[in-house]
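Below: one structure, written as structure tokens.
Residue numbers (my numbering), protein chains in the order written: chain W, 12 to 236; chain S, 12 to 236.
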């Protein structure tokens, strides 16, 4: 079977998550990313996107595709190379696969623990963890959020995992830990180009990244002009 | 301009690097990856590929696409997630974007310092570093090595950077350091599926990763039956 970036392996509410037919937001309006689902939003250069960790325990997988060329996308590997760091922080620019700055992190009320190392979860991740039925996953949420605004995911980039707490030991070993933020912590990113942003309220409930109780929750976001 | 994964931004000897018209190797024959160039090789499940750091100071960007579905490729982000480590070592399996084990590292005579974090260099990397003329780069070497065996790079995956020494400080900051291996150190990878492997003798001569003298050198490899 050929790998197909655009087609989900199952479905959930992300298919009906569109904030408008084409993903264009009403400025300053607060939108919800339902628990375990993904939402896409179009953002223009110079606008700001603010993502809120509503309950404080939730990881947000964050992707961005340049508009109109969706083959250019936010790349964690190029960002790490550009920043000489695995942890982007306020004042840093995060870049695309051709090293174009796509966003600047302008504000972060959390302690700034975000992950750039790990892939988004997918159906195979949950099979490996023991699931026998379909499990909501961020890869499918990305695909469905794009479909919901009449687009196709051109690929599955590695996400910027907001608030995901993946400590790295001196020997390179990583761990899956709960977020270190508090309810209503927000991060603001200033768009340096037009982009389609997709956010997934990660449905991972088989390790501690969304809290030791394994209860994925909602997120909120708004676009500021 | 639309990003095109397959088309190089310039050219070098990689275009004439084919070890055979279709990249099929003669088993046990030692092949050369010329300094600053890339070479592609077809490897079958159960074969081993041995890569040699001929002069001890050279980084090898290593990519693999599953055969026949080149949309499935060796993924560093999925590998880090699978291993809970940023440093794959002997006995570890490195996996694809659908988490299929593609290779097992069966032997490594070096101290085992390899990088999974950084993107391959490209024309934009060298522009940012101050180059005004074309600079050989691993992204183009990948594209040209594929063209040399009558294929097209379907994408530019993040590479497994053999021998690349990118230490990570406790605060997440990374550095570009010389290799810690000795001449003729080898790494052996056992193929767990059919694959197209591409290796690039990284032409980076503007930082210390290929030695403080900034002199990229050749590599050698062979496929064992």
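Using N, Cα and C, we set each Cβ at its ideal position, and we do this for glycine too.
What you are looking at is a predicted structure, and each value in this text was computed from that prediction instead of being measured.
task = Under the assumption that residue 108 (chain S) contacts residue 89 (chain S) (Cβ atoms under 8 Å), give the Cβ distance between them as a whole number of angstroms.
result = So it is a contact: roughly 6 Å between Cβ atoms.
request  = Check the Cβ of residue 28 (chain W) against every Cβ in chain S and list those closer than 8 Å, keeping chain order.
outcome  = Near residue 28 (chain W) there are no residues of chain S at all, since even the closest Cβ is about 24 Å away, more than 8 Å.
message = I'd like to know if residue 188 (chain S) contacts chain W, where contact means its C-beta is closer than 7 Å to some C-beta of that chain.
response = Proximity of residue 188 (chain S) to chain W, defined by a Cβ-Cβ separation below 7 Å, is not satisfied.
task = Mind listing the chain W neighbours of residue 98 (chain S)? Cutoff is C-beta to C-beta under 9 Å, in chain order.
result = Neighbours of residue 98 (chain S) on chain W, chain order: 182, 183, 184.
ask   = Does the separation of the CB atoms of residue 237 (chain W) and residue 234 (chain W) fall below 7 Å?
value = In the structure displayed, chain W extends from 12 to 236; residue 237 (chain W) sits before or after that span and is not available.
inquiry  = Give me the DSSP bridge partner(s) of residue 234 (chain W).
reply    = Checking the DSSP bridge columns, you'll see residue 234 (chain W) partnered with W:60.
Nearest to residue 75 (chain W) (by Cα), restricted to the options W:18, W:137, W:36, W:106 = For residue 75 (chain W), the closest alpha carbon among the candidates W:18, W:137, W:36, W:106 is that of W:106.
request  = Go to residue 77 (chain S), then tell me how far its beta strand (DSSP E) extends in each direction, as first and last residue.
outcome  = Annotation: the continuous beta strand (DSSP E) that includes residue 77 (chain S) extends over 71–77.
task = Could I get the ranges of all uninterrupted beta strand (DSSP E) runs contained in the region 69–129 of chain W, with 3 residues as the minimum, in chain order?
result = For the beta strand (DSSP E) assignment, the uninterrupted runs of no fewer than 3 residues enclosed by the region 69–129 of chain W are, from N- to C-terminal side, 71–77, 104–106, 112–119.
query = Roughly how many angstroms lie between the CA atoms of residue 178 (chain W) and residue 130 (chain S), to the nearest whole one?
reply = A direct Cα-Cα distance of roughly 21 Å separates residue 178 (chain W) from residue 130 (chain S).
ask   = Hey, does residue 88 (chain W) have any beta-carbon neighbour from chain S nearer than 7 Å?
value = Residue 88 (chain W) counts as touching chain S.
request  = Can you have a look at residue 13 (chain W) and say buried or exposed, based on whether 16 or more other CB atoms are within 10 angstroms of its CB?
outcome  = Around the C-beta of residue 13 (chain W), fewer than 16 other C-beta atoms lie within 10 Å, and the residue is accordingly described as exposed.
task = Using a Cβ-Cβ cut-off of less than 8 Å, list which residues of the region 128–143 of chain S approach chain W; keep chain order.
result = Against chain W - using a Cβ distance shorter than 8 Å - the residues of the region 128–143 of chain S are 128, 129, 130, 133, 135, 136, 139.
ask   = Under 7 Å Cβ-Cβ, which residues of chain S neighbour residue 13 (chain W)?
value = Residues of chain S whose Cβ lies closer than 7 Å to the Cβ of residue 13 (chain W) are, in chain order, 80, 82.
key: residue 29 (chain S) and residue 164 (chain S) closer than 7 Å at C-beta   = Going by C-beta atoms, residue 29 (chain S) is not nearer than 7 Å to residue 164 (chain S).
message = Please list, in chain order, the chain W residues whose beta carbon lies closer than 7 Å to that of residue 121 (chain S).
response = Those within 7 Å of residue 121 (chain S) in chain W number zero; the least Cβ separation is about 15 Å.
query = Would you call residue 57 (chain S) buried or exposed, if buried means 16 or more other Cβ atoms sit within 10 Å of its Cβ?
reply = In the assembly as shown, residue 57 (chain S) is an exposed residue. Its beta-carbon has fewer than 16 other beta-carbons within 10 Å.
key: C-beta contact flag for residue 210 (chain S) and residue 114 (chain S) at 7 Å   = Contact: no.
request  = Return yes when the Cβ of residue 84 (chain S) is within less than 7 Å of the Cβ of residue 168 (chain S), no when it is not.
outcome  = Contact annotation: residue 168 (chain S) and residue 84 (chain S) have beta-carbon atoms nearer than 7 Å.
inquiry  = I need the DSSP call for residue 137 (chain W), collapsed to helix, strand or coil.
reply    = Helix at residue 137 (chain W).
Where the beta strand (DSSP E) containing residue 210 (chain W) begins and where it ends = First-last of the beta strand (DSSP E) with residue 210 (chain W): 206–212.
ask   = Where does the unbroken beta strand (DSSP E) through residue 43 (chain S) begin, and where does it stop?
value = Its beta strand (DSSP E) spans residues 42–44.
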